[in-house]
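Notes follow once the structure below has been shown.
Numbering (this note's numbering), first residue to last: 1 to 116.
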């Protein structure tokens, strides 16, 4: 779900960490990021998304439950020449966890086989 279209923040809160650097991904096969959450309860999910095209169309991978120790999220970007931005949306966390931390690290753009 595109967070800009989200209307159920009270029932289904989320944290979105995003950036808009306009990246040329013509020779890129996938985007990978490592994510983790701490102090946010169990069952926290994360999904990687990109925005692309003139209208900044939102495309995301399926949500992944973050295990202890974190998880690597992957999204295929072969169909895009430029991404307008990317980010991670965290959901299903304990909203009373005031010391919750959400981590995004190790951002990797993997080249297509043709460009290697």
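Backbone N, C-alpha and C define an ideal beta-carbon position, used for all residues, glycine too.
Note on residue 96: under 16 other CB atoms within 10 angstroms of its CB, so exposed under the neighbour-count rule.
Annotation for residue 51: 58, 84 and 85 place their beta carbon closer than 6 Å to its own, counting only its chain and skipping 5 residues before and after. Cβ contact annotation for residue 94 (same chain, cutoff 8 Å, sequence separation greater than five): 40, 41 and 100, in chain order. About 18 Å separates the beta carbons of residue 28 and residue 104, which is beyond the 8 Å limit, so they are not a contact pair. Within the region 24-98, the runs of beta strand (DSSP E) at least 3 residues long that lie entirely inside it are, in chain order, 28-38, 45-52, 57-60, 71-76 and 82-91. Inclusion of residue 25 and residue 45 in the CB contact set at 8 Å is not warranted, their separation being larger than that value.
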